[in-house]
Structures are given as structure tokens and as C-alpha cells.
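In order, the protein sequences belong to chains A and B.
Sequential numbering from 1020 applies to the first sequence in my numbering.
Sequential numbering from 1020 applies to the second sequence in my numbering.
Don't be surprised by glycine CBs; every beta carbon is placed ideally from N, CA and C.
None of these values were measured; they are calculated from a predicted model.
2 protein chains.
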Amino acid sequence: MSDLPQTVDIHEEGPREGFQIEPGPIPSADKIALIEALAGTGLRHIQVASFVSPRLVPGWADAEAVVGGFRPREGVRYTALWFNESGLNRAMAFRDRLHLTGSIALSASDAFSVKNLNRGHAENLEAMRRQTALHLKAGLPVTRIGVMAAFGCNYQGDITPAQVVRTVADGLAIAAEQGVTITDVSLADTMGWATPARIERGVGAVRERWPDLRIGLHLHDTRGLAVANAHAGLRLGVRRFDSTVGGLGGCPFAGQKGAAGNICTEELVLLCEEMGVGTGVDLDALIEVGRMAERIVGHQLPSELLRAGSLDAFRKRAA
Amino acid sequence: MSDLPQTVDIHEEGPREGFQIEPGPIPSADKIALIEALAGTGLRHIQVASFVSPRLVPGWADAEAVVGGFRPREGVRYTALWFNESGLNRAMAFRDRLHLTGSIALSASDAFSVKNLNRGHAENLEAMRRQTALHLKAGLPVTRIGVMAAFGCNYQGDITPAQVVRTVADGLAIAAEQGVTITDVSLADTMGWATPARIERGVGAVRERWPDLRIGLHLHDTRGLAVANAHAGLRLGVRRFDSTVGGLGGCPFAGQKGAAGNICTEELVLLCEEMGVGTGVDLDALIEVGRMAERIVGHQLPSELLRAGSLDAFRKRAA
């Protein structure tokens, strides 16, 4: 069975990804309830909020209320997202309860960088230089490079493994300039272009060049292939995955309104656990939280498992 | 890249699976329009109707009108389903336009056989003996064994590869008694219990015992893992898959109301074509037919690809 890992780390991003895109408004108390329920399922990494412009992302105008409001659970790391100094400062106010780390965020697609961040790759590198300095000044460790559009791009088309390697190298150069050591690279299938073959080639190329870097996958289910891609990653020994409960999220990009969001956490957990890869997550409890997420957003989420139920539930009935 | 086949045969079952479960009523003309549109996408095998009791399956009360009504396309094989002599006779009336073959349908789960067919495995073997004789008398070739619940069962729990092998052996014994040669075995994940690991073990066990049998997979997306399971099958060199456009179908079994249906044809085509496995299908045309299916049934279907669009569509825009 190839290189299936014994365990994986799942980074639950449902609250952050989900509430930034739902039309809302969703009460802060509901967001807090979801975060606390997720922490009760065995998940150890939960991204709880985005400190972004309330004008651009009204769904996270209440980031302070949510992050200040939930009851942290022992053993769970709560993370948050920000894109600039103002966001960082807002996050820093909660450094007692958030696990804050800096990250060098790049895009393997220049066209996506322009569309999404309004700056090309070169300009973005400059911005990441400044941001890394900012993170270090704030006392945050910078150990991770994130590569968006690592498997293809709606604006640029196919992305080659060589482009991904170049992007990681650019991030490592920034890290080297500033004297920090990168341990983790996250490859994001931002617009749903990955296939198992592309996962194999992309992960393979990065690993061949930098065998000591830990590779994580951030998968979207835009075209329904996310679980096949996760399985391809597992086979390569990838041990870190981002996901969202119920498949919260959806795709905000042009031409894809209504497209699916991230890979569903519960389907990822089912895939792993049924193949002997430990997640530490109680799947039946997580399915209940997925149903709670559907009640909160007021509509059905993409997860099929929420309707079908876990296999263990049927095993118990059959026994 | 393991044993990926160069091409696969896709058996489109959307009309038959979909219209048997939709609350309807759906006009015969719409069913015919869907069948004709599917035949225009490059699909070469389309299951167009189920000759079953109109009392039990009102959605197929118009099987004759549909099967007699569509315009057959050169090079496309149209198939149908039946379960007894009465159904066979109804199908035989259309033998000029249908590709009729007999099949020995068994269940690897005794409990499912009882629930679904109201007879245990032994009784079902007896029924299949009679049905095989009936098919041969009618002049139909009998070359295929179908194994339902091959990867697990809501009523019985886990199903082992040894149980699948025993079931295939039972089918082969019937074939031997009646002097027919089986060339194909279809393993069905009837209730969505398969994982890539179980696909590998189940397909592996059957292939090890009977290396010359062609193995096909009939996958359901009940718990969201269908594309990962299809990919596991492709890696093993499986070349025949059943699927439904848009994911038409849904699961009629107890405790799973609202659960997803078969693997979506267009997601299977995307998976194959993007990895260099030929399907003969025009994916953009098929996506349009999926959207037509949504209009016909009057609700959204599970396929994510219908909302996101193919990669080629974005490649053309990006170029």
C-alpha cells in the first residue's frame, strides 16, 4: 500500500473559509458555537477567523468578537489569517489564545497573483519580503511557504511542476535573506485543477529538490476530484491537509460562482480512517458538527457524508 | 504511473438510474431527449430504461414509450435492465434497437439480498439458474456476473474479498452448469462502502483467482469517495466503469434518504482525460447534457463539475 502515513494532521479551516463567503450575516455566537464544537471532535488545528478588511469581507467584520469569544480547549491550536500589517496587529491582540505564525504566501501563477492580489509575482515577492520582516519584528516564527494555484489556474491555464519549484525557491530565497528556516511548504489547488497525476508530479518535484521540507496539501473540490487528490497525496506520504467541515467555503473566483469549496473534513477523515491512517478525529461527532454547520449557514453543504452517515454507524447497527 | 489503462469504456446509466428514483413524473419526451443528447457526446454505452413493475417503480412505467421513441445513433449500444421473465419479454420487443445480454446478478451480502430481493443467497442462486436458462432460451448471450454490495453493506457491515471471491465462484458455477463462458465481472459498491484500499483488495482478489476475467466497477458516491475509488481502479488497470451523468440516481436504501447516487460521468471523464486515459467523450458537451439533466429533474445534481466547468474551457480563455 505504497507510503500511506500512519497518521495525518488535519488543519480545519471551516470557520475561516466558510464565513468569509456565506452571504450572512451569521451571528458571532453561531461562529463561536461551531468553533467550540469542532474542538470537541478531536481536531487539533482550527483556523478560526480572518483579520481582513470588513469592507472587502463583511463576513469577518466580527473577527474580534469571535476570536475573543470562544472558550479555548486544551491541546487545540487555533490559527487565524491576515494579509497585511493591520491584520497582523489585530491578530496580535489575541496572541494569548491564537497560535500565530508567519508564512510566505506566493502564487505559482503570475496571472492569479495579479487578479487576486493586484500585483504580479515580482511585486508579490517584494511584499512578502516586507511581510516576513514584519512577522519577525513581531516575534513570530516564519517557517512555512504557501504556494497558491500550484496545480493550474483559471487565468493562466496549466501550471508545471517546474513553476511550482521556482515559486518555492523564490520563497526560500526570501527566508534565506532574512535568516529564517522554512520547514513546511503548502501546495494549494486554489481553483480545482489538480488530478492525482498532477499531485504526484507536483509533490514529487518539490520533494526531489528539497527532501527535508514537509509538504502539505490545500485541496479544493471545485471539480469533484478532491478526495482522489487527497488519496494521491496520502500515497506519497503527505501528512498534512487543510480541509473544511461540510465542505464549507465555495469558490469566490470569476466564472465559478456556486462552485464547491475545500475538501470536506469528514470525507477526508473517512478516507484516512477506513484505510488505517489515524486522524485523531471522532467521525460521528464531526458529522454532527457538519450538520450544525448546515443549520448555521441555512443551506445544504456539499458533503455527501452528512446525508449518508459514517460506516461505523452502520457497522454498529449490523452487528 | 502504475497500470493506468490507455482507454476506458464508460457505461452511462443516468437515464435508467436517474428516472427510477426521481419523484417525477418526468415526461417521456424529456427522457428521450436526454438519451439522444447523451449519445451525441461520444458515449458508446447507454442504459436507457428499466423494464420493471410500474407499481414498484412508477418512474419507468413508460419504458416502452422511451425505448421505442429515441432515435438510435450509429455506433452506440443501448442497454436496458430487467429482473424477471416479464421484464425480459418487454425488453425483447425492442431487440432491434437494444443491445440485450444476460447477466448473473448476485450479492456478496446475504443480508442485502434478503432486504433488496426478498431472498437469501441460496434462493438467489436458484433464481439466477432459472434466469440464465431463460436468457439462453431467448437467445441472449450470458457473459457477465454482477456482484452487488461487493465492498460493504448497510445491513451486514464489512464484506471481505474472500466473500466476493466466493460470490463470483457461485456465479461461475451456474455458468459452467449451463455451458456458458463468463468474460466480465462487475463489482458494485451498492451502498458506498468502498475505499481505495478496499478496491485494491477486492479487485486484486478476483483478479488473482481469475486473471482472464475483465473486471468492471459500479461505484456510488454515497460518502463522497467515488472518484478516489475510481482512481484506485484505474491504477489497477480497470477499464470498465458504470456512471451517471450529473450523478443522477441517489440512494434508495433505508437510512440513507438523500444520499448521493452513482459516480458522475463527467467527473469520471475529467479524471481520466486529464491523466491521459481516453474516454472518447467530449467533456464540454457532456457537461451541457448534465445541465440539461438538472433542468429535466428540476433540481441541482451532485456533480460539482456542472458548476465549475471543464479545465479546457478555462485553458481556451487563458490562451
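Alpha carbon to alpha carbon, how far is residue i from residue j?
| i | j | result |
| --- | --- | --- |
| I1218/A | R1258/A | 14 Å |
| Y1174/A | G1211/A | 12 Å |
| T1179/A | F1102/A | 26 Å |
| A1169/B | G1221/B | 8 Å |
| I1315/A | G1243/B | 22 Å |
| V1246/B | A1099/A | 32 Å |
| E1093/B | L1144/B | 37 Å |
| E1031/A | G1223/B | 35 Å |
| G1059/B | T1026/B | 19 Å |
| A1337/A | E1293/A | 17 Å |
| K1335/B | A1130/A | 15 Å |
| T1162/A | A1112/A | 21 Å |
| E1286/A | V1166/B | 25 Å |
| I1123/A | V1204/A | 9 Å |
| L1053/B | L1267/B | 12 Å |
| P1321/A | L1062/A | 20 Å |
| A1082/A | L1119/A | 15 Å |
| C1291/B | I1201/A | 36 Å |
| R1090/B | T1214/B | 39 Å |
| V1300/B | T1284/B | 10 Å |
| L1159/A | G1121/A | 6 Å |
| R976/B | V1183/B | The requested residue 976/B does not occur in the structure, where chain B is confined to residues 1020 to 1338. |
Assuming residue i and residue j are in contact, meaning their beta carbons sit under 8 Å apart, how far apart are those beta carbons, in whole angstroms?
| i | j | result |
| --- | --- | --- |
| S1128/A | G1139/A | That pair is no contact at about 10 Å. |
| A1190/A | I1164/A | Note that residue 1190/A is Gly in the sequence shown, not Ala. The Cβ separation is near 4 Å, so the contact holds. |
| G1087/A | E1041/A | Not a contact, Cβ separation roughly 21 Å. |
| A1312/A | V1264/A | 5 Å |
| I1282/A | D1240/A | 5 Å |
So what does DSSP say about residue i, is it helix, strand or coil?
| i | result |
| --- | --- |
| S1132/B | helix |
| R1326/B | helix |
| H1410/A | The question about residue 1410/A has no answer, for chain A in this structure spans 1020 to 1338. |
| G1297/B | strand |
| A1273/A | The pLDDT assigned to A1273/A is 49, lower than 50, so where the model puts this residue is not dependable; a value taken from the coordinates is nonetheless given after this. A1273/A: coil per DSSP, three-state reduction. |
| T1098/B | strand |
| M1210/B | coil |
| A1124/A | strand |
| N1103/B | coil |
| G1280/A | coil |
| T1263/A | strand |
| H1030/B | strand |
| T1162/B | strand |
| F1070/B | strand |
| E1203/A | It is Asp, not Glu, that sits at residue 1203/A in the sequence shown. Looking at D1203/A - three-state DSSP - the assignment turns out to be strand. |
| I1040/A | helix |
| H1318/B | coil |
| R1228/B | helix |
| G1087/B | helix |
| G1176/B | strand |
| I1051/B | helix |
| R1063/B | coil |
| I1193/B | helix |
| I1045/A | coil |
| L1149/A | The sequence given here places Arg at residue 1149/A; Leu does not occur at that position. In the structure shown, R1149/A sits in a helix (DSSP, three-state: H, G or I). |
| R1254/A | helix |
| R1217/A | helix |
| R1233/A | strand |
Original post:
Using Cβ-Cβ distances below 9 Å, what residues of the segment 1236 to 1247 of chain A are close to chain B?
Top reply: D1240, T1241, R1242, G1243, L1244, A1245, V1246, A1247
Original post:
In the segment 1163 to 1186 of chain B, which residues sit with their C-beta less than 9 Å from some C-beta in chain A, listed in chain order?
Top reply: G1171, C1172, N1173, Y1174, Q1175, G1176, D1177
Original post:
Between the segment 1282 to 1302 of chain B and chain A, which residues of the former have CB atoms less than 7 Å from a CB of the latter, in chain order?
Top reply: The residues in question are C1283, E1286, L1289, L1290, E1293, M1294.
**OP:** Inspect the CB distances between the segment 1222 to 1236 of chain B and the segment 1308 to 1316 of chain A and report whether three or more fall short of 8 Å.
**Re:** no
Subject >> Given 8 Å, three or more beta-carbon pairs between the segment 1040 to 1051 of chain B and the segment 1239 to 1255 of chain B >> reply: no
Subject >> Residues from the segment 1029 to 1040 of chain A in contact with chain B, defined by Cβ distance under 9 Å >> reply: none
**OP:** Below 7 Å between beta carbons is the criterion; list the residues of the segment 1207 to 1238 of chain B that meet it against any residue of chain A, in chain order.
**Re:** G1211, W1212, T1214, P1215, A1216
Subject >> Members of the segment 1106 to 1118 of chain A near chain B, C-beta cut-off 7 Å >> reply: none
Subject >> Interfacial residues, the segment 1313 to 1326 of chain A to chain B, with Cβ spacing under 8 Å >> reply: Cβ contacts with chain B come from P1321, S1322, E1323, L1324, R1326.
Original post:
Are the segment 1061 to 1072 of chain A and the segment 1034 to 1046 of chain A touching by the rule of at least three beta carbon pairs closer than 8 Å?
Top reply: Touching, per the Cβ criterion.
**OP:** Note down, in chain order, all residues in the segment 1120 to 1131 of chain B with a beta-carbon under 8 Å from any beta-carbon belonging to chain A.
**Re:** Those residues of the segment 1120 to 1131 of chain B that come within reach of chain A (Cβ to Cβ, closer than 8 Å) are A1130.
Subject >> Interface positions of the segment 1127 to 1158 of chain B facing chain A (Cβ-Cβ less than 9 Å), listed along the chain >> reply: From the segment 1127 to 1158 of chain B, only A1130 have a Cβ closer than 9 Å to chain A.
**OP:** Closer than 9 Å, Cβ to Cβ, to anything on chain A: give me those residues from the segment 1249 to 1267 of chain B, in chain order.
**Re:** A1249, H1250, A1251, L1253, R1254, G1266
Subject >> the segment 1052 to 1071 of chain B: positions lying closer than 8 Å to chain A by Cβ >> reply: none
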